[in-house]
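Novice:
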Amino acid sequence: MSRSKEEFKPLKEGEVGIYCCGVTPYNTPHIGNARPFVTWDVIRRYFLKRGFKVKYIQNFTDVDDKIIAAANREFVTWKEISERYIKSYFAAMDALNVRRADVYPKVSETMPEIIEMIKTLVDKGFAYKLESGDVYYSVEKDEEYGKLSGRKLDDMQAGARIEVDDRKGHPMDFALWKSAKPGEPSWESPWGAGRPGWHIECSVMSLKYLGEKFDFHGGGSDLIFPHHENEIAQSQAAIGDNHSFAQYWLHNGFITIDNEKMSKSAGNFFTVEDILKKYPGEVIRFFLLQTHYRSPLNFSEDAIKEAQTSLKRLKNSHDAINELAAKINAGEVEFSGGENSSENIFAKAEEILKDFNEAMDDDFNTALAIGKMFDLSREINIYCNDFINGKISMTANDSQKILRVQKIFAEMAEIIGIFEQEENFGGNSELVEKLMEIIISIRQDARAAKNWAVADKIRDSLKDAGVVLEDTPQGVKWSIQ
Numbered sequence: 006m007s008r009s010k011e012e013f014k015p016l017k018e019g020e021v022g023i024y025c026c027g028v029t030p031y032n033t034p035h036i037g038n039a040r041p042f043v044t045w046d047v048i049r050r051y052f053l054k055r056g057f058k059v060k061y062i063q064n065f066t067d068v069d070d071k072i073i074a075a076a077n078r079e080f081v082t083w084k085e086i087s088e089r090y091i092k093s094y095f096a097a098m099d100a101l102n103v104r105r106a107d108v109y110p111k112v113s114e115t116m117p118e119i120i121e122m123i124k125t126l127v128d129k130g131f132a133y134k135l136e137s138g139d140v141y142y143s144v145e146k147d148e149e150y151g152k153l154s155g156r157k158l159d160d161m162q163a164g165a166r167i168e169v170d171d172r173k174g175h176p177m178d179f180a181l182w183k184s185a186k187p188g189e190p191s192w193e194s195p196w197g198a199g200r201p202g203w204h205i206e207c208s209v210m211s212l213k214y215l216g217e218k219f220d221f222h223g224g225g226s227d228l229i230f231p232h233h234e235n236e237i238a239q240s241q242a243a244i245g246d247n248h249s250f251a252q253y254w255l256h257n258g259f260i261t262i263d264n265e266k267m268s269k270s271a272g273n274f275f276t277v278e279d280i281l282k283k284y285p286g287e288v289i290r291f292f293l294l295q296t297h298y299r300s301p302l303n304f305s306e307d308a309i310k311e312a313q314t315s316l317k318r319l320k321n322s323h324d325a326i327n328e329l330a331a332k333i334n335a336g337e338v339e340f341s342g343g344e345n346s347s348e349n350i351f352a353k354a355e356e357i358l359k360d361f362n363e364a365m366d367d368d369f370n371t372a373l374a375i376g377k378m379f380d381l382s383r384e385i386n387i388y389c390n391d392f393i394n395g396k397i398s399m400t401a402n403d404s405q406k407i408l409r410v411q412k413i414f415a416e417m418a419e420i421i422g423i424f425e426q427e428e429n430f431g432g433n434s435e436l437v438e439k440l441m442e443i444i445i446s447i448r449q450d451a452r453a454a455k456n457w458a459v460a461d462k463i464r465d466s467l468k469d470a471g472v473v474l475e476d477t478p479q480g481v482k483w484s485i486q
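The sequence shown lines up with residues 6 to 486 when you count with this note's numbering.
Written out as structure tokens, the structure reads:
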């Protein structure tokens, strides 16, 4: 609201309350839908890592015009549509390593509280009822209306999601309650049967689970106006405090296709489900986080491929330090009595972690934080290669420092939310691992015998099947392309 960075001061020491506007489940989520949830998942992870207790709420708008329209097209109930696509949403988010919110309230399950808030607004004179049974919020009664978006009431025009109605007191007045129409779900209220308007639901659900004042409210930039603007107006009017409701507002930038905003209405969107057919979920997540959440992000095949390559570089370092740590823990490393070889990487790792945290402290700059991961990745690669090649030895003191380096890299990865998925081989992962060991062994025998034709044929045939071999100082690595 201040249009500047603000120092975060929690309302309750050591605790953070977050509300993020969820999806309207009438279709499978596209990658633009995914960005706010990946963003807030990282923010939540970071607060938890820094020792905060976090309460994270994300709603489902399961009563909506688009859901009703989809249900009518398919001759099913609105509930069938919403439940189907809520399931689809969770499948997509699970693939992107998005952890579940603490509560997922639904509009259909919050009707008593919604009706009560509307009644409060009517009683206070901030809302009025039409003869039709519709109830509207009167924006002219709110002297601060427009303070989030910076818009002046006199200059505003009704947006695409604001119904233009000559019966309203002002063109920008927005619906709190819509009277029942044939073929639509409805609930009884003091103003007759009907259902809520779009904005009232999030006010009610955030206040219900986080209280009259809470720390963060987030969503996409397209929600600043009118949705979040209207949430502030009706919430603070009902509470009677212009400093209540959310204390910090964070909005992620759009995802574009050829520099045009991605949206279902425009038809230029890619569903998460479709992208997952070609790329692992962690690659999609990594792509979304390589750009600061507030910046626009242009989606393309080349950009996803670049993200995949970059993530693979980090994964190689992750595997290398984990393998070395596993050997240390298993007692398979012979210690020498020489000079400490790990002092340099240990000191750099601690400094890089400090820089990583500073990047996250500065408006959750994941782009810069990931850059710090690459800095540590290079140090890990140098150390592991030198150790494997016998250029350096390891003391008992070194081993403890290397284990600390491994923990630092793992801590960064956990906040970013990567390296959490195992390859899925339909339940036969152990068999696949053994088969790959056999194939790699045969190829290594061929190379030892200088039978390059057979070695190359094995490598190329595996590549054609989508399996990539990589010769490293730690041995032959394989991965699914």
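The C-beta atom is built at its ideal place from N, Cα and C for all residues, glycine as well.
(1) When we look at the beta-carbon of P290 and count the other beta-carbons within 10 Å, is it buried (16 or more) or exposed?
(2) For Y284, I'd like the list of residues in its chain whose CB is within less than 7 Å of its CB, leaving aside the five on either flank, ordered along the chain.
(3) Output the distance between the C-alpha atoms of D476 and K482, rounded to the nearest integer angstrom.
(4) Can you tell me where the alpha helix (DSSP H) with E356 in it begins and where it stops?
(5) Can you give the Cα-Cα distance for E488 and F95, rounded to whole angstroms?
(6) Who are L474's beta bridge partners in DSSP?
(7) Taking DSSP as the reference, what is the three-state secondary structure of Y388?
(8) How long is the line joining the alpha carbons of R172 and D178, rounded to whole angstroms?
(9) Please go through the segment 42-114 and give each complete alpha helix (DSSP H) segment of 4 or more residues, from N-terminal end onward.
(10) For F275 and G37, I'd like the C-alpha separation in whole angstroms.
(11) How about F361 and Y298: do their beta carbons lie closer than 9 Å?
(12) What ranges does the beta strand (DSSP E) occupy inside the segment 209-275, keeping only unbroken runs of at least 3 residues that lie completely in it?
(13) Is the beta carbon of H423 sitting closer than 9 Å to the one on I447?
(14) Excluding the 5 residues flanking Y133 on each side, which residues of the same chain have their C-beta closer than 8 Å to its C-beta?
(15) Hey, is the segment 105-120 in contact with the segment 202-211, meaning 3+ C-beta pairs nearer than 8 Å?
(16) By DSSP, does L467 sit in helix, in strand, or in coil?
(17) Could you tell me whether any Cβ in chain B is nearer than 9 Å to the Cβ of E427?
(18) For a test of the three-state rule: what should DSSP assign to K186, helix, strand or coil?
(19) Does the Cβ of E18 have 16 or more other Cβ atoms within 10 Å, making it buried, or fewer, making it exposed?
(20) What three-state label does DSSP hand E181 in the structure shown?
(21) From the DSSP output, in three-state form, read off N334 for me.
(22) In its own chain, which residues sit with a C-beta less than 8 Å from the C-beta of G432, not counting the 5 before and 5 after it?
(23) Skipping 5 residues on each side, what residues in its chain have a beta carbon closer than 7 Å to that of I3?
(24) Rounded to the nearest angstrom, what separates Y214 and W192 at their Cα positions?
(25) Output the distance between the C-alpha atoms of G164 and D147, rounded to the nearest integer angstrom.
(26) Considering only residues of the same chain and omitting the five flanking positions on each side of F420, which have a CB-CB separation below 6 Å?
(27) For A325, which residues from the same chain have a beta carbon less than 7 Å from its beta carbon, with the 5 sequence-adjacent residues on both sides left out?
(28) Any idea what DSSP makes of R383, helix, strand or coil?
(29) Measure how close the beta-carbons of T296 and A372 come, nearest whole angstrom, since I'm counting them as under 8 Å.
(30) Return yes when the C-beta of V103 is under 8 Å from any heavy atom of the ligand GDP, and no when it is not.
(31) Using the Cα positions of E356 and S382, report the straight-line distance between them to the nearest angstrom.
(32) Closest to N257 by CA distance: which of K320, P41, S398 is it?
(33) By Cβ distance below 7 Å, which residues in the same chain neighbour T82 in space, the five residues on each side in sequence not counted?
(34) In angstroms, rounded to a whole number, what distance separates the CA positions of K455 and I445?
(35) If we ignore side chains and look at the alpha-carbon of each, how far apart do I393 and S346 end up?
(36) Please list the terminal residues of the continuous alpha helix (DSSP H) segment that includes A136.
Specialist: A quick look at the data gives this:
(1) Translated into positions along the sequence shown, residue 290 becomes position 285. It should be noted that the sequence gives Arg, not Pro, for residue 290. Result: buried.
(2) If you number the sequence shown from 1, residue 284 lands on position 279. Around Y284: I309, Q313.
(3) Translated into the one-based positions of the sequence shown, residue 476 becomes position 471. Translated into the one-based positions of the sequence shown, residue 482 becomes position 477. Our two residues, D476 and K482, have alpha carbons roughly 6 Å apart in a direct line.
(4) Stepping through the sequence shown from its first residue, residue 356 is reached at position 351. Run containing E356: 348-366, per the alpha helix (DSSP H) assignment.
(5) Past the edges of the chain, shown from 6 to 486, lies residue 488, and the structure says nothing about it.
(6) Translated into the one-based positions of the sequence shown, residue 474 becomes position 469. Beta-bridge pairing links L474 to W483.
(7) The residue given as residue 388 occupies position 383 in the sequence shown. Three-state DSSP puts Y388 in a helix.
(8) Taking the sequence shown and counting its residues from 1, one reaches residue 172 at position 167. Taking the sequence shown and counting its residues from 1, one reaches residue 178 at position 173. Each residue's Cα considered, the two are about 10 Å apart.
(9) 70-79, 83-100
(10) As a first step, residue 275 is located in the sequence shown; it is residue number 270 there, counting from the start. As a first step, residue 37 is located in the sequence shown; it is residue number 32 there, counting from the start. C-alpha separation (whole angstroms): 8 Å.
(11) To locate residue 361, count along the sequence shown from 1; it is residue 356. To locate residue 298, count along the sequence shown from 1; it is residue 293. In this structure, F361 keeps its C-beta atom at 9 Å or more from the C-beta atom of Y298.
(12) 218-225, 250-257, 260-262
(13) Working through the sequence shown from its first residue, we reach residue 423 at position 418. Working through the sequence shown from its first residue, we reach residue 447 at position 442. First, the residue type needs correcting, since residue 423 is Ile and not His in the sequence shown. No, they are not a contact pair.
(14) Locating residue 133 in the sequence shown gives position 128, where the first residue counts as 1. The beta carbon of Y133 is closer than 8 Å to those of V127, V140, Y141, S143, G174 in its chain, skipping five residues each way along the sequence.
(15) yes
(16) Taking the first residue of the sequence shown as 1, we reach residue 467 at position 462. Residue state for L467 is assigned as helix, using DSSP reduced to three classes.
(17) Of the protein chains in the structure, only one exists, and it is not chain B.
(18) On the sequence shown, position 181 is the one that residue 186 refers to. For K186, the secondary structure class from DSSP, reduced to helix, strand or coil, is coil.
(19) In the sequence shown, counting from the first residue as 1, residue 18 sits at position 13. Under this definition E18 is an exposed residue.
(20) Here residue 181 refers to the residue found at position 176 of the sequence shown. Sequence check: residue 181 is Leu here, not Glu. Residue state, collapsed to three classes: strand.
(21) Indexing the sequence shown from 1 puts residue 334 at position 329. Helix at N334.
(22) Mapped onto the sequence shown, residue 432 falls at position 427. Any answer about G432 is weak, because its pLDDT of 47 lies below 50 and its placement is not dependable; what the coordinates show is given next. In its chain, beyond the 5 residues on either side, no residue has a beta carbon closer than 8 Å to the beta carbon of G432.
(23) What the structure shows of the chain is the stretch from 6 to 486, and residue 3 is not part of that stretch, so it cannot be assessed.
(24) In the sequence shown, counting from the first residue as 1, residue 214 sits at position 209. In the sequence shown, counting from the first residue as 1, residue 192 sits at position 187. Going by the C-alpha atoms only, they are around 22 Å apart.
(25) Reading the sequence shown from its first residue, position 159 is the one you call residue 164. Reading the sequence shown from its first residue, position 142 is the one you call residue 147. Unreliable positioning characterises G164 in this predicted model, as indicated by a pLDDT of 44, which lies under 50. The coordinate reading is nonetheless provided below. Rounded to whole angstroms, G164 to D147 spans 19 Å at the Cα level.
(26) Reading the sequence shown from its first residue, position 415 is the one you call residue 420. Just to set this straight, residue 420 is Ile in the shown sequence, not Phe. The residues are R50, Y51, K54.
(27) The residue labelled residue 325 in the question sits at position 320 within the sequence shown. Only I385, N386, C389, Q479 meet the Cβ criterion.
(28) Counting from 1 along the sequence shown, the entry for residue 383 is found at position 378. In the structure shown, R383 sits in a helix (DSSP, three-state: H, G or I).
(29) Working through the sequence shown from its first residue, we reach residue 296 at position 291. Working through the sequence shown from its first residue, we reach residue 372 at position 367. About 6 Å separates the two Cβ atoms, so the contact holds.
(30) This structure lacks the ligand GDP, and indeed carries no ligand of any kind.
(31) Position 351 of the sequence shown, counted from the first residue, corresponds to residue 356. Position 377 of the sequence shown, counted from the first residue, corresponds to residue 382. Distance between the alpha carbons of E356 and S382: 13 Å.
(32) Working through the sequence shown from its first residue, we reach residue 257 at position 252. Per the Cα distances, P41.
(33) Position 77 of the sequence shown holds residue 82. Around T82: A76.
(34) Within the sequence shown, the letter at position 450 stands for residue 455. Within the sequence shown, the letter at position 440 stands for residue 445. Each residue's alpha carbon lies about 15 Å from the other.
(35) Here residue 393 is taken as the residue at index 388 of the sequence shown, counted from 1. Here residue 346 is taken as the residue at index 341 of the sequence shown, counted from 1. Approximately 13 Å, taken between the alpha carbons.
(36) As a first step, residue 136 must be located in the sequence shown, where it is residue number 131. The sequence given here has Glu at residue 136, not Ala. Note, E136: premise wrong, no alpha helix (DSSP H); not H, not E.
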